[in-house]
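Student:
As C-alpha cells, then:
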C-alpha cells in the first residue's frame with residue numbers, strides 16, 4: 001500500500017519537477033542563446049526575465065483547443081501524453097544522493113535507457129494522428145532517428161556499467177572512482193551526442209524543423225498540447241544531463257550528502273548549457289547525413305570506448 | 317571591343333546585316349524586319365554573342381517593337397536587335413532554341429504585351445494570375461482602377 | 470502557410486511497382502526569409518523530380534507606373550525594386566537617365582555613389598548569407614550577419630534618414646552631401662568589417678555540418694550559367710568570372726584596385742562564399758574611395774528638375790549584389806518616359822531553379838532557392 005502511495009506521490013513530485021525544469025530550462029536556453037547572439041534574452045518579465053516562461057505558459061493555456069478536422073481524435077489527444085510520461089518516469093531511477101534514488105531498482109540503468117523509448121511511439125502517433133501526410137513522414141523520420149541513436153548511447157552507457165559491474169544506479173554511484181572520468185571520456189562524448197539526437201534537438205532537429213518548410217510532427221498541435229511536447233524536450237534535457245553526470249562524472253563527487261546533490265545539479269546544468277550551446281551554434285544536419293553519422297562515426301566510437309574499458313577491467 | 321570594331325566584325329562576317337546596323341546613343345543597334353529576326357539572332361550567336369541580356373517590347377503607335385540585347389563576353393561587346401511586329405498579328409519566333417535565357421523573358425513579354433512567340437516551350441503568363449484578362453503594358457489597356465496623375469506640365 | 474498535398478494516380482515504374490508522385494505546394498508565404506515565391510515541387514518519395522517556381526505575387530506594375538511619372542518621381546519606385554539594395558537600384562536607373570538625357574555627374578557625387586553602392590552590396594550579401602544560415606538551422610549565423618548589416622544600415626540612416634529605401638541616388642548626382650563626420654564613420658565601420666567577415670567565415674563556412682548542407686547542392690555548370698543568362702554571384706560561383714565592374718568598367722571602378730572572387734564547383738557553398746568574399750573586396754573599394762574623394766558638387770549644377778530628354782532609347786546597367794541590373798528607357802521627348810524596362814538579375818537567376826532542384830531533397834530545395842538569392846521586388850516588379 002505504501003508503495004502505491006509512494007508511487008503516486010512520486011508521480012506528483014516528478015510532474016512538478018519537470019514543470020519547474022521546463023520553466024527553468026526554457027529561461028536558461030533563451031538567456032544562453034541570447035548571449036551567444038550578442039543580445040540579452042528575456043529581461044522584462046520578473047527579475048532577469050525569470051517569469052517569462054510562466055507568462056508564456058499562461059498564454060498557452062488560454063489558447064483555444066483545436067483539433068484538426070482530419071485528425072484521429074483519440075490518438076491525437078493521447079500522443080503528447082505518450083511522449084511525455086516515459087520521460088517523467090525515467091527520472092525516478094536517478095540517484096540524486098549517494099545511496100538514494102526515488103526508485104531503487106537493480107536494473108535502473110536498463111530502465112532509464114529503455115523506458116523513454118516508448119516516446120517514439122508517441123511521436124509516431126502524433127505524426128499519424130495529425131491527419132497531415134507530411135506530418136506523418138516527419139514523425140516517421142523522427143522515430144527512425146531516435147531508434148538509431150539508441151545504439152551508440154546504449155553502448156556508451158554499457159562501458160560504465162562494465163566498469164562498475166552493476167546495473168543498479170545507487171550501487172554504481174557508490175563504486176565510482178575518480179579515474180573513471182578519464183577512462184570513459186570518449187563514451188561521455190558519444191553519450192552526449194546521442195542524447196541530443198534522441199531528444200530531436202540541436203543539429204539533429206530535422207524532424208521538427210521540417211516545419212521550416214512543411215509541417216513537422218507536432219506542427220498541428222497548439223496551446224497546452226504543444227506545451228506538453230516542449231516540457232518533454234526539457235524534461236529529456238534534464239534527465240539526460242542528470243544521468244550523464246551520474247554515470248560519467250560521478251554524480252555528487254567529490255562532495256556527498258546535501259552538498260553532493262547541489263554538485264550533481266551544478267554538473268547537470270553545465271551539461272545542459274553545453275547542449276544548448278551546441279544547438280545555437282551549429283546548423284542542422286540533413287536526414288541522410290544524420291543517419292550516416294550515427295552508424296559510421298558514433299557507433300564505432302562507442303565500440304572503441306568498450307574496448308578501452310575492456311582493457312582496463314583486468315587491472316581493477 | 318569598341319563600336320567601330322564591332323561594326324567591322326559584323327560587316328565582315330555578315331555583309332547583308334551591315335546596312336541594318338546603326339549607332340544610337342553610343343550602342344550598336346541592328347534593326348531587322350520580322351522575317352529576318354530569327355536568322356539575324358542566329359547569326360549574332362554564331363558571331364560570338366553568347367549571352368542574352370533581355371528581351372522586351374515597346375508599344376509603338378502602329379506596332380510593337382521587340383528589343384533584344386545580347387552580349388559577347390569574350391569580345392566584350394553588346395548589341396541590340398530590334399524588330400517590329402504589327403498590332404493585329406502580334407507573333408514572332410522564339411529565341412529559346414538559341415539562348416535558353418529567353419524562356420522567362422518572352423513569357424513576360426507575352427504576359428504584359430500579348431505578343432506570342434512561336435515555338436516557345438511554355439507560353440503562358442508569368443507575372444499576372446493565369447485568369448487575368450488583357451495585357452497591361454499596352455498603351456490602349458484600360459482599367460477603371462487606374463488613376464491618371466494630373467498633368468501639371 | 471498553405472500546404473496542399475495531392476497524390477497523383479499511381480504509375481508503374483520499371484520494376485512494376487506502383488509509384489505515386491507527391492505534389493507539394495510550397496506556398497507563397499515562406500518560413501525562410503526569401504519573399505513571396507510559390508514552388509510547386511513534384512516528389513518521388515523524398516527526392517524532388519520537378520520544381521517549378523510560380524512568381525508574380527509581388528507584381529505591382531512598376532514599369533506601367535513609370536510611364537505615368539516624371540523621371541525624378543520614378544526614383545522612389547526603383548527603391549522598391551530590389552528593396553534589399555536600394556542604392557544600386559537607384560543608381561542603375563539614374564545611369565540610364567543620364568545616358569538618355571546626356572547629363573554629366575560631378576566627381577564627388579560619383580564617389581559617393583560608389584561608396585554607398587559598395588556598402589549596400591555588403592548589406593545585401595549579409596542578408597543573403599544570414600538567410601542561408603537560417604535556412605540550414607544556424608540561427609546564430611543569421612544574427613551575426615545581420616549585426617554586420619546593421620552597421621551599414623545605421624550609416625545609411627545617418628546619411629539619408631531611411632533604413633531600407635533611400636531614394637538617394639538621383640539623376641545628375643546624389644540627393645545630398647554626406648553629413649560632417651560621416652565619411653570618418655564609414656572608414657571606421659569598414660575598417661572593422663574584414664575581421665568580422667572572417668569570423669563569419671569560420672563560424673559558418675568552416676563548420677563541417679554547414680559544408681555538408683551546402684556542398685554539392687544545386688550545382689550549376691558554366692555552360693548552363695551562360696546560356697541561361699545567369700549573372701552575379703550565381704554565375705561567379707560556377708567559375709564564370711564576369712563582373713560588370715571589371716568588364717564594362719563603368720563609373721570610377723577603373724580607379725580602384727580590387728579582385729573578383731570566383732568559385733569552382735558552382736554549388737550553394739561556392740555561391741555563398743563568393744558573396745562573403747565580395748563583401749571583403751567591397752571594403753577595399755570603399756577604403757580606396759575614401760582616400761580619393763575630394764570636396765565638390767554632389768549634383769549636376771543647373772539641372773532642371775523636370776527632365777525632357779530627346780526622343781530615343783538608352784540602356785545602362787550596373788553590377789548589383791544579384792548580378793547585372795539594367796534599365797532600358799524609351800523617351801518620346803516628354804517629361805515622362807514612354808517605356809521603362811528593368812532587366813532584373815534575380816528574375817533571370819530564378820529561371821535556373823527548375824534546372825538545379827531535381828535530384829535533391831526538400832531540405833535542399835530551400836537551400837538552393839536561398840543560394841540564388843532572389844529578391845521578389847525585383848523579380849516581380
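Protein chains in written order, with the numbering used here: chain A, 1 to 316; chain B, 317 to 469; chain C, 470 to 850. Beta carbons: idealized from backbone N, C-alpha and C, even for Gly. Quick caveat: nothing in here was measured; it's all calculated off a predicted structure.
Out of C:489, C:729 and C:533, which one is the CA nearest neighbour of residue 513 of chain C?
Tutor: Your numbering for residue 513 of chain C matches position 44 in the third chain. Comparing Cα positions, the closest option is C:489.
Student: Between B:365, B:370 and B:402, which lies nearest to residue 392 of chain B when the distance is taken from Cα to Cα?
Tutor: Indexing the second chain from 1 puts residue 392 of chain B at position 76. Answer by Cα proximity: B:365.
Student: Grab the span of the alpha helix (DSSP H) containing residue 396 of chain B for me, first residue to last.
Tutor: Along the second chain, one-based indexing puts residue 396 of chain B at 80. From DSSP, residue 396 of chain B is part of no alpha helix (DSSP H) but of the beta strand (DSSP E) over 393-402.
Student: Relative to the alpha-carbon of residue 588 of chain C, which residue among C:839, C:747 and C:522 has its alpha-carbon at the smallest distance?
Tutor: Along the third chain, one-based indexing puts residue 588 of chain C at 119. The shortest Cα separation from residue 588 of chain C among C:839, C:747 and C:522 belongs to C:747.
Student: In angstroms, rounded to a whole number, what distance separates the CA positions of residue 92 of chain A and residue 115 of chain A?
Tutor: Your numbering for residue 92 of chain A matches position 92 in the first chain. Your numbering for residue 115 of chain A matches position 115 in the first chain. The alpha-carbon atoms of residue 92 of chain A and residue 115 of chain A are separated by roughly 11 Å.
Student: Tell me whether the beta-carbon of residue 507 of chain C lies closer than 7 Å to the beta-carbon of residue 523 of chain C.
Tutor: As a working mapping, residue 507 of chain C is identified with position 38 in the third chain. As a working mapping, residue 523 of chain C is identified with position 54 in the third chain. The answer is yes: Cβ separation under 7 Å.
Student: Of the choices A:138, A:276, A:269 and A:310, whose alpha-carbon is the least far from that of residue 607 of chain C?
Tutor: Within the third chain, residue 607 of chain C is the residue found at index 138, counting from 1. When only C-alpha atoms are compared, the closest one is A:276.
Student: Is the Cβ of residue 678 of chain C closer than 7 Å to any Cβ of chain A?
Tutor: Numbered from 1 along the third chain, position 209 holds the residue referred to as residue 678 of chain C. Yes, residue 678 of chain C counts as interfacial toward chain A.
Student: I want to verify the contact list: residues of chain A whose CB lies under 8 Å from the CB of residue 629 of chain C, in sequence order.
Tutor: For the purposes of this step, residue 629 of chain C is taken as the residue at position 160 of the third chain. Near residue 629 of chain C there are no residues of chain A at all, since even the closest Cβ is about 26 Å away, more than 8 Å.
Student: Kindly indicate the opening and closing residues of the alpha helix (DSSP H) around residue 609 of chain C.
Tutor: As a position in the third chain, residue 609 of chain C is number 140, starting the count at 1. Run containing residue 609 of chain C: 608-629, per the alpha helix (DSSP H) assignment.
Student: Would you verify that the beta carbon of residue 838 of chain C is, or is not, closer than 7 Å to some beta carbon of chain A?
Tutor: For the purposes of this step, residue 838 of chain C is taken as the residue at position 369 of the third chain. No, no contact with chain A.
Student: Is the CB of residue 444 of chain B under 7 Å away from at least one CB in chain C?
Tutor: Locating residue 444 of chain B in the second chain gives position 128, counting from the first residue. Answer yes: the Cβ-Cβ gap between residue 444 of chain B and chain C drops below 7 Å somewhere.
Student: Skipping 5 residues on each side, what residues in its chain have a beta carbon closer than 7 Å to that of residue 670 of chain C?
Tutor: Here residue 670 of chain C corresponds to residue number 201 of the third chain, with the count starting at 1. Once the five neighbours on either side are set aside, the close Cβ partners of residue 670 of chain C are 745.
Student: Could you tell me whether any Cβ in chain A is nearer than 7 Å to the Cβ of residue 620 of chain C?
Tutor: In the third chain, the residue the question calls residue 620 of chain C occupies position 151. Answer no: the Cβ-Cβ gap between residue 620 of chain C and chain A never drops below 7 Å.
Student: Can you tell which of B:422, B:381 and B:433 has its C-alpha closest to the C-alpha of residue 401 of chain B?
Tutor: Working through the second chain from its first residue, we reach residue 401 of chain B at position 85. Checking every option, the nearest Cα to that of residue 401 of chain B belongs to B:381.
Student: Among A:2, A:306 and A:315, whose alpha-carbon lies nearest the alpha-carbon of residue 156 of chain A?
Tutor: Within the first chain, residue 156 of chain A is the residue found at index 156, counting from 1. For the residues A:2, A:306 and A:315, the minimum Cα distance to residue 156 of chain A belongs to A:306.
Student: Report the option in C:616, C:520 and C:638 whose CA atom is closest to the CA atom of residue 559 of chain C.
Tutor: Counted from its first residue, the third chain places residue 559 of chain C at position 90. Ranking C:616, C:520 and C:638 by Cα distance to residue 559 of chain C puts C:638 first.
Student: Buried or exposed: residue 408 of chain B, going by 16 or more other Cβ atoms within 10 Å of its Cβ?
Tutor: Within the second chain, residue 408 of chain B is the residue found at index 92, counting from 1. The residue in question, residue 408 of chain B, is buried, as its Cβ has 16 or more Cβ neighbours within 10 Å.
Student: In the stretch 277-306 of chain A, which residues sit with their C-beta less than 7 Å from some C-beta in chain C, listed in chain order?
Tutor: 280, 281, 282, 283, 284, 285, 286 and 289
Student: With 7 Å as the threshold, decide whether the Cβ of residue 458 of chain B is near any Cβ in chain C.
Tutor: The residue given as residue 458 of chain B occupies position 142 in the second chain. It does not; no Cβ of chain C falls within 7 Å.
Student: Could you tell me which whole alpha helix (DSSP H) segments of length 4 or greater appear in the stretch 764-829 of chain C?
Tutor: 814-819 and 822-825
Student: Quick one: Cα of residue 253 of chain A to Cα of residue 727 of chain C, how far?
Tutor: Numbered from 1 along the first chain, position 253 holds the residue referred to as residue 253 of chain A. Numbered from 1 along the third chain, position 258 holds the residue referred to as residue 727 of chain C. In a straight line, the C-alpha of residue 253 of chain A is about 60 Å away from that of residue 727 of chain C.
Student: Which residue marks the beginning of the alpha helix (DSSP H) containing residue 288 of chain A, and which one marks its end?
Tutor: Counting from one through the first chain, the residue named residue 288 of chain A turns up at place 288. Where residue 288 of chain A is concerned, the enclosing alpha helix (DSSP H) stretches over 287-293.
Student: Could you name the residues of the same chain whose beta carbon sits closer than 7 Å to that of residue 848 of chain C, not counting the 5 residues immediately before and after it, in chain order?
Tutor: Looking up residue 848 of chain C in the third chain gives position 379. Around residue 848 of chain C: 524, 813, 815, 816 and 819.
Student: What would DSSP say about residue 38 of chain A, mapped onto helix, strand or coil?
Tutor: Counted from its first residue, the first chain places residue 38 of chain A at position 38. Residue 38 of chain A falls in the coil class under three-state DSSP.
Student: Taking the Cβ atom as the reference point for each residue, do residue 838 of chain C and residue 503 of chain C lie within a distance shorter than 7 Å?
Tutor: Within the third chain, numbered from 1, the residue matching residue 838 of chain C stands at position 369. Within the third chain, numbered from 1, the residue matching residue 503 of chain C stands at position 34. Contact flag set, yes.
Student: Measure the alpha-carbon distance for residue 338 of chain B versus residue 346 of chain B and round it to whole angstroms.
Tutor: Here residue 338 of chain B is taken as the residue at index 22 of the second chain, counted from 1. Here residue 346 of chain B is taken as the residue at index 30 of the second chain, counted from 1. For residue 338 of chain B and residue 346 of chain B, the distance between alpha carbons rounds to 6 Å.
Student: At the 7 Å Cβ level, is residue 374 of chain B part of the contact set with chain C, yes or no?
Tutor: Position 58 of the second chain, counted from the start, is the residue given in the question as residue 374 of chain B. Yes, residue 374 of chain B lies at the interface with chain C (some Cβ there is under 7 Å from its Cβ).
Student: Taking its Cβ as the centre, do 16 or more other Cβ atoms sit within 10 Å of residue 625 of chain C, making it buried, or is it exposed?
Tutor: The residue labelled residue 625 of chain C in the question sits at position 156 within the third chain. Buried.
Student: Can you name the residues of chain C whose CB is closer than 8 Å to the CB of residue 378 of chain B?
Tutor: Within the second chain, numbered from 1, the residue matching residue 378 of chain B stands at position 62. Within 8 Å Cβ-Cβ: nothing; residue 378 of chain B doesn't reach chain C, min ~14 Å.
Student: Which residues, taken in chain order from the stretch 526-550 of chain C, show a beta carbon closer than 8 Å to some beta carbon of chain B?
Tutor: 528, 530, 532, 533, 537, 538 and 539
Student: Quick check on the burial criterion: 16 or more other C-beta atoms within 10 angstroms. Buried or exposed for residue 386 of chain B?
Tutor: Along the second chain, read from residue 1 onward, the residue named residue 386 of chain B stands at position 70. It is buried - the Cβ of residue 386 of chain B has at least 16 other Cβ atoms within 10 Å.
Student: What does residue 341 of chain B touch in chain C if you count any residue whose Cβ is under 9 Å from its own?
Tutor: For the purposes of this step, residue 341 of chain B is identified with residue 25 of the second chain, where counting begins at 1. Near residue 341 of chain B (Cβ distances below 9 Å), the residues of chain C are 568, 569, 571, 781, 782, 783 and 784.
Student: May I ask you to list, following chain order, the residues of the stretch 665-697 of chain C that have a beta carbon less than 7 Å from some beta carbon of chain B?
Tutor: Within the stretch 665-697 of chain C, the residues whose Cβ lies closer than 7 Å to some Cβ of chain B are 695, 696 and 697, listed in chain order.
Student: With 7 Å set as the bound, which would you pick, yes or no: does the beta-carbon of residue 606 of chain C sit closer than that to a beta-carbon of chain A?
Tutor: On the third chain, position 137 is the one that residue 606 of chain C refers to. By the rule that beta-carbons nearer than 7 Å mark a contact, residue 606 of chain C touches chain A.
Student: Identify which residue in C:632, C:679, C:775 and C:740 has its Cα closest to the Cα of residue 731 of chain C.
Tutor: On the third chain, position 262 is the one that residue 731 of chain C refers to. The shortest C-alpha separation from residue 731 of chain C is found at C:740.
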